[in-house]
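The structure appears below as structure tokens.
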Amino acid sequence: MTDTTAAVAGPAAEGSLTASQPRLKQKYNDEIKKALLEEFGYVNVNQIPRLVKVVVNTGVGEAARDSKVIDGAVDDLTKITGQKPIVTKARKSIAQFKLREGQPIGAHVTLRGDRAWEFLDRLVSLALPRIRDFRGLSGKQFDGTGNYTFGLQEQSVFHEIDQDRIDRVRGFDITVVTTAKTDAEGRALLKAIGFPFRNEDAQA
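Take the sequence shown: its position 65, counting from 1, is numbered 64 in numbering that gives the first Met the number 0, and each next residue is one higher.
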């Protein structure tokens, strides 16, 4: 199996990567760091933006009425990320929403290190191209300090999800946290990684 295949094969292939870096991480070290250094003229290599973590989150509003919904969300997140999610619970009761303190309202996973690189590789190489009528990601969803959040409307774009076993359509928010100081630096890093930003947003 080639390095490229192993890197995008999914969480189950993690063991095959123990002897080498994930493909995208290797590309970052070999090519992207140098390109960013030249583009922004950093005087110290420690200034070059790098990936810190990836957070994948899903909210489950109807979990308050159907406990099986949160189980489905946890199962989907586990398959997609290869890591057990943390269940998000309500911090206080809200009567009008029939929400009780401590009730499950969602789930999230925080990926770091090689797991984060492997997830991003699968995301840009396999998942995003499967979105119907996909025209690229908006370049306007950075937070002002180089971190990027965007949403996916359904889990079926991930090849780890069995289309015939989807209990219900659920969306996810994905946040990519970097060490970039500006949105321009964060955008340059993610674009080099393979994020397909729309042309009209490229200079936004």
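Glycine included, every Cβ here is placed at the ideal spot set by N, Cα and C. Keep in mind it's a predicted model, so treat the numbers as computed, not measured.
(request) Note down the Cα distance separating L76 from L36, rounded to an integer number of angstroms. (result) Walking along the sequence shown from the start, residue 76 turns up at place 77. Walking along the sequence shown from the start, residue 36 turns up at place 37. For L76 and L36, the distance between alpha carbons rounds to 35 Å.
(request) Name the two residues that bound the continuous beta strand (DSSP E) containing A106. (result) Here residue 106 refers to the residue found at position 107 when the sequence shown is read from its first residue. 103 to 110 is the span of the beta strand (DSSP E), which, as asked, contains A106.
(request) Label V156 either buried or exposed according to how many other C-beta atoms from any shown protein chain fall within 10 Å of its C-beta, with 16 as the threshold for buried. (result) In the sequence shown, the residue the question calls residue 156 occupies position 157. With 16 or more Cβ atoms within 10 Å of its Cβ, V156 is classed as buried.
(request) Taking all protein chains shown into account, decide if Q154 is buried (16 or more other Cβ within 10 angstroms of its Cβ) or exposed. (result) As a working note, residue 154 is residue 155 in the sequence shown. Answer is buried; the Cβ neighbour count reaches 16.
(request) Could you have a look at T57 and say whether DSSP puts it in helix, strand or coil? (result) Within the sequence shown, numbered from 1, the residue matching residue 57 stands at position 58. In this structure, T57 counts as strand in the three-state DSSP scheme.
(message) Considering just the uninterrupted stretch of the alpha helix (DSSP H) at F39, what are its terminal residues?
(response) Walking along the sequence shown from the start, residue 39 turns up at place 40. Taken as a continuous stretch (DSSP letters only), the alpha helix (DSSP H) holding F39 covers 32 to 39.
(request) Given a cut-off of 7 Å, decide if N146 and V108 are closer than it, judged by their beta-carbon atoms. (result) The residue labelled residue 108 in the question sits at position 109 within the sequence shown. The residue labelled residue 146 in the question sits at position 147 within the sequence shown. No, Cβ-Cβ distance for V108 and N146 is not below 7 Å.
(message) Quick check on the burial criterion: 16 or more other C-beta atoms within 10 angstroms. Buried or exposed for F133?
(response) To locate residue 133, count along the sequence shown from 1; it is residue 134. By the 10 Å Cβ count, F133 comes out exposed.
(request) Check whether the segment 19 to 39 touches the segment 186 to 193, taking contact to mean three or more Cβ pairs, one atom from each stretch, closer than 8 Å. (result) yes
(message) With H, G and I counted as helix, E and B as strand and the rest as coil, what does DSSP make of F118?
(response) One-based indexing of the sequence shown puts residue 118 at position 119. Note: F118 maps to helix in three-state DSSP.
(message) Assuming F118 and L125 are in contact, meaning their beta carbons sit under 8 Å apart, how far apart are those beta carbons, in whole angstroms?
(response) Within the sequence shown, numbered from 1, the residue matching residue 118 stands at position 119. Within the sequence shown, numbered from 1, the residue matching residue 125 stands at position 126. About 11 Å; that fails the 8 Å criterion.
(message) Whole angstroms are fine: how far does the CA of N198 sit from the CA of A34?
(response) Taking the first residue of the sequence shown as 1, we reach residue 34 at position 35. Taking the first residue of the sequence shown as 1, we reach residue 198 at position 199. Those two C-alpha atoms are separated by around 20 Å.
(message) Buried or exposed, going by whether 16 or more other CB atoms sit within 10 Å of the CB of D161?
(response) To locate residue 161, count along the sequence shown from 1; it is residue 162. Per the 10 Å Cβ criterion, exposed.
(message) So, at 7 Å on beta carbons, what are the nonlocal neighbours of I130 in its own chain, with the 5 sequence-adjacent residues on each side left out?
(response) Here residue 130 corresponds to residue number 131 of the sequence shown, with the count starting at 1. Closer than 7 Å at Cβ, skipping near neighbours: V156.
(request) Throw me the rounded Cβ distance for the T144 and K180 pair, which I believe falls under 8 Å. (result) Residue 144 sits at position 145 when you count from the first residue of the sequence shown. Residue 180 sits at position 181 when you count from the first residue of the sequence shown. With 8 Å as the limit, T144 and K180 qualify as a contact, their Cβ atoms being about 7 Å apart.
(message) Counting only C-beta atoms, is L36 closer than 7 Å to chain B at any point?
(response) The question asks about chain B, but that chain is absent: this structure has only one protein chain.
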